[in-house]
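Student: Shown below is the structure under consideration.
2 protein chains.
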Amino acid sequence: VTRQHPDQMVLVDAADERAAIVGILEAAGANSREAEAQAHVLLEADLRGRPSHGLQRLITIRQRIENGVMIPGAALQVDRRADCYFSIDAQGGFGPYAAFQAVTLALDAAAKCGVAAAGLRNASHIGMLAPYLEFIVARRAIGIAFATSEALVHPAGGISAQVGTNPIGVGIPTDADAPFVVDMATGATTAGEIIARRHRGEQLLPGQAVDAEGYPTTEPEEALRGAISPFGGAKGYGLAVAVELLVALLTETALGRAVHGTLDVDRPVTKGDVFLVIDPTRLGLPNVAAYVSDYLRELVATPAAPGTDGVRMPGERARLERQRRLVEGIPHPRHLWQAIQQLSLTSSGPRAS
Amino acid sequence: VTRQHPDQMVLVDAADERAAIVGILEAAGANSREAEAQAHVLLEADLRGRPSHGLQRLITIRQRIENGVMIPGAALQVDRRADCYFSIDAQGGFGPYAAFQAVTLALDAAAKCGVAAAGLRNASHIGMLAPYLEFIVARRAIGIAFATSEALVHPAGGISAQVGTNPIGVGIPTDADAPFVVDMATGATTAGEIIARRHRGEQLLPGQAVDAEGYPTTEPEEALRGAISPFGGAKGYGLAVAVELLVALLTETALGRAVHGTLDVDRPVTKGDVFLVIDPTRLGLPNVAAYVSDYLRELVATPAAPGTDGVRMPGERARLERQRRLVEGIPHPRHLWQAIQQLSLTSSGPRAS
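If you read the sequences in order, they're chains X and Y. Heads up: the first sequence begins at 1 in my numbering, then just goes up one per residue. Heads up: the second sequence begins at 354 in my numbering, then just goes up one per residue.
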């Protein structure tokens, strides 16, 4: 097991990371919208201290494009199954670009129906859910999002991975500096997080994963050969399966071990993403933001429990980290940033020639 | 602290429990539909081994009616805010009766829009979410439900209760004997469960609650003076707050400590309930049940993890318990069943006079 020391990390400026991602993707055939949307979601993950959904994914993305299982410039096929329900086929294209379009369709429809939804299939990994929820909230709407992933989570009582890490996201407008956004995997961790910890030479937290025989482990290598545990035991397992079924049904995508194409580099993507948008103005629900914000302030004012540093807004830690990293730079393992720079060189080479 | 011994339990026949509930409620002024719906949800909870949402609530319900904060015969005010969104005011009436009507409206609307929703306010405690999800699933639709409750859960890092136990429910049709139904509180336990354990003289599980100073406790009495912990730590806390906000906004009801009226006997109810119905046929999503069932069978076939008795379908334990209790009867603390019988006597007295 290779262990990284802190001095093997480098600090990367956000603008440099964005430029590198856009450059590499455009050289690989992406148009500027696809590249910008992808760069936005990767960079936002790194800024928030979630490297699992950040730059480390770019190498996989580029390889998938090269292997023809991810298709720059793919046209979005939109099937309006009902006034306010869209079934969208991204035809192998960029997930973030497709997802922002899906959310825009749902937002416009919600202004008419009050509640609207979009199901997205054949789109590459869309990354964190938070950027899409923030996009919805910026239009003063309420967003709920679900997604499936490769089967990485063992059922409660089971030894092997059969369920995705299946995130749930909720975004609600506030009148504070930041919206209320929850974006959480229903697994106790994510594949990307395990890989990120291996990159950094860190252990997992107890309870996050089991090894190939089903015994708890904190070793990233063993966890990658085993399975992620559901968060919160049997309840988290039930929730993960509920998301698995909801997403697969609404997007007509795969279930369990038949989900591929976000971690591998050679198979078409078979996961799905669902966005639900509620327009409070259309439903005659005024003053949503102020009402929410008063309550959130009360929450944060709760006296601290013994041995803790008190109550935070969900997402607050990520927001503070983002502010810091915008100033100080984003810590990346040196070998990752070197690989990206290498890709930039080989990418810009052919383009210039 | 009073401790109950197993020999202080009595076994009650399901038909007897139902008759007792209906009789007591009709004597208190409920019409037969209100009484039957209420009896159904209380009895189903007891049959499934969830006494927290069962017969023990009847004493509170009856007292609330007597105190004028729960109103038999209240008319449902339905405000159709959009084609497929209903804002419903139960005007203090029976929760289960109102909720089944809300779900019926959403089901009928979903047949047109694909996705429909109903928000319910001023309805008394609706009990478990599962019966409503089962009602939706019986019509071959997909159901999602959220509800708020009194502030009983402390925020992660906080000492005092500020968030409801806020359940999440998901129901999906299958072609197996039973539908897929998840119905879970986002608190690590519920107020009703703590009260039920106190009734039985049982301890709580570690991690379920803290005392008034914020220290973990397994004593029901101390937990009732303290707070319930969120399930799954910070993630469960985020989810609980998301449900709190979603429900309060959509139903125009209270947040946090301003939620009353399901555990007390003297205040109007200020929690809310939200139902979302998706009609797969309307959205051109055929064969939902078969697809789901194949996957669920795979899940249950996962090899058992060391030290466990293997994988169950979410809800399976409750289903098996229900079958057993339908035959063997429902165990109730003797003093609870005696109190119910006493109520039956005093209830039938005035009616006969």
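Ideal placement from N, C-alpha and C gives every residue a C-beta, glycine not left out.
Identify every residue that forms a DSSP beta bridge with Gln-162 (chain X).
Tutor: The partner list for Gln-162 (chain X) (beta bridge, DSSP) is empty, contrary to what the question assumes.
Student: Return the first residue and the last residue of the alpha helix (DSSP H) that Ala-491 (chain Y) is part of.
Tutor: 483-491 is the span of the alpha helix (DSSP H), which, as asked, contains Ala-491 (chain Y).
Student: Can you look up Ser-477 (chain Y) in the DSSP assignment and give me helix, strand or coil?
Tutor: Coil, per DSSP.
Student: Is Val-247 (chain X) helix, strand or coil by DSSP?
Tutor: Correct three-state label for Val-247 (chain X): helix.
Student: Which residue from X:Ala-161, X:Phe-180 and X:Arg-18 puts its Cα closest to that of Arg-297 (chain X)?
Tutor: Here the closest residue by C-alpha is X:Phe-180.
Student: When you compare each of Y:Ile-512, Y:Glu-487 and Y:Gly-510 to Asp-530 (chain Y) by their alpha carbons, which one comes out closest?
Tutor: The option with the nearest alpha carbon to Asp-530 (chain Y) is Y:Glu-487.
Student: According to DSSP, simplified to helix, strand and coil, what is Tyr-97 (chain X)?
Tutor: Helix at Tyr-97 (chain X).
Student: Using only CA atoms, which one of Y:Met-423, Y:Glu-419, Y:Val-394 and Y:Gly-421 lies nearest to Gln-409 (chain Y)?
Tutor: It is Y:Val-394 whose Cα lies nearest to the Cα of Gln-409 (chain Y).
Student: Can you tell me whether Thr-661 (chain Y) is buried or exposed, with buried defined as 16 or more other CB within 10 angstroms of its CB?
Tutor: Its Cβ having fewer than 16 others within 10 Å, Thr-661 (chain Y) is exposed.
Student: Tell me, please, whether the CB atom of Glu-103 (chain X) is closer than 9 angstroms to any CB atom in chain Y?
Tutor: The sequence as given places Val at residue 103 (chain X); Glu does not occur at that position. Not one chain Y Cβ lies under 9 angstroms of Val-103 (chain X).
Student: With 16 as the cutoff for other CB atoms within 10 Å, does Tyr-568 (chain Y) come out buried or exposed?
Tutor: With fewer than 16 other Cβ atoms within 10 Å, it is exposed.
Student: Comparing the C-beta of Arg-81 (chain X) with each C-beta of chain Y, is any distance below 9 angstroms?
Tutor: For Arg-81 (chain X), the answer is yes, since a Cβ of chain Y falls inside 9 angstroms of its Cβ.
Student: To the nearest angstrom, how far is it from the Cα of Glu-26 (chain X) to the Cα of Glu-34 (chain X)?
Tutor: If you take the alpha carbons of Glu-26 (chain X) and Glu-34 (chain X), they lie about 9 angstroms apart.
Student: Just the C-alpha distance for Gly-272 (chain X) and Val-153 (chain X), rounded to the nearest angstrom, thanks.
Tutor: Approximately 17 angstroms, taken between the alpha carbons.
Student: List the endpoints of the continuous beta strand (DSSP E) containing His-406 (chain Y).
Tutor: It is not in any beta strand (DSSP E) - His-406 (chain Y) carries neither H nor E in the DSSP assignment.
Student: Beta-carbon of Met-481 (chain Y) versus every beta-carbon of chain X: anything under 9 angstroms?
Tutor: It does not: the Cβ of Met-481 (chain Y) has no partner Cβ on chain X nearer than 9 angstroms.
Student: With Val-516 (chain Y) and Ile-497 (chain Y) assumed to form a contact (beta carbons below 8 angstroms), what rounded beta-carbon distance in angstroms separates them?
Tutor: Going by Cβ atoms, the distance from Val-516 (chain Y) to Ile-497 (chain Y) rounds to 20 angstroms, so no, they are not a contact pair.
Student: Classify Ala-469 (chain Y) as helix, strand or coil using the three-state DSSP reduction.
Tutor: Residue state, collapsed to three classes: strand.
Student: What are the residues of the stretch 235-248 of chain X that lie near chain B, defined by any Cβ-Cβ distance shorter than 9 angstroms?
Tutor: Among the protein chains in the structure shown, which are X and Y, there is no chain B.
Student: Show which residues of chain Y have a CB atom less than 9 angstroms away from the CB atom of Ile-172 (chain X).
Tutor: The answer, in chain order, is Ala-595, Leu-598, Leu-599 and Leu-602.
Student: Take Ile-21 (chain X) as the anchor and find which of X:Arg-200, X:Arg-62, X:Leu-107 and X:Ala-304 has the nearest alpha-carbon.
Tutor: For Ile-21 (chain X), the nearest C-alpha among the options comes from X:Arg-62.
Student: Unbroken alpha helix (DSSP H) runs of length 4 or more, entirely within the stretch 170-242 of chain X: which are they?
Tutor: Counting only runs of 4 or more, we get 191-200 and 220-225.
Student: In chain order, what residues of the same chain have a beta carbon less than 6 angstroms from the beta carbon of Asp-183 (chain X), not counting five sequence neighbours either side?
Tutor: Met-128, Leu-129, Ala-130 and Gly-169.
Student: With DSSP run on the structure shown, which of helix, strand or coil describes Asp-442 (chain Y)?
Tutor: Correct three-state label for Asp-442 (chain Y): strand.
Student: Could you check whether the Cβ of Arg-704 (chain Y) sits closer than 9 angstroms to any Cβ belonging to chain X?
Tutor: With a pLDDT of 47 at Arg-704 (chain Y), under the threshold of 50, the modelled position of that residue is not reliable, and no figure is offered here.
Student: Could you give the C-beta distance for Ala-188 (chain X) and Ser-229 (chain X), rounded to a whole number, given that I count them as a contact under 8 angstroms?
Tutor: That pair is a contact at about 5 angstroms.
Student: Within this structure, are the beta carbons of Gly-510 (chain Y) and Arg-312 (chain X) separated by less than 9 angstroms?
Tutor: The answer is yes: Cβ separation under 9 angstroms.
Student: Look at Pro-684 (chain Y) and Arg-678 (chain Y) and say whether their C-beta atoms are less than 9 angstroms apart.
Tutor: Yes, the Cβ-Cβ distance between Pro-684 (chain Y) and Arg-678 (chain Y) is below 9 angstroms.
Student: Starting from Val-630 (chain Y), trace the beta strand (DSSP E) both ways and give me its first and last residue.
Tutor: Per DSSP, Val-630 (chain Y) belongs to the beta strand (DSSP E) from 625-631.
Student: Would you say the stretch 628-641 of chain Y touches the stretch 239-259 of chain X, given that touching needs at least three Cβ pairs under 8 angstroms?
Tutor: Touching, yes.
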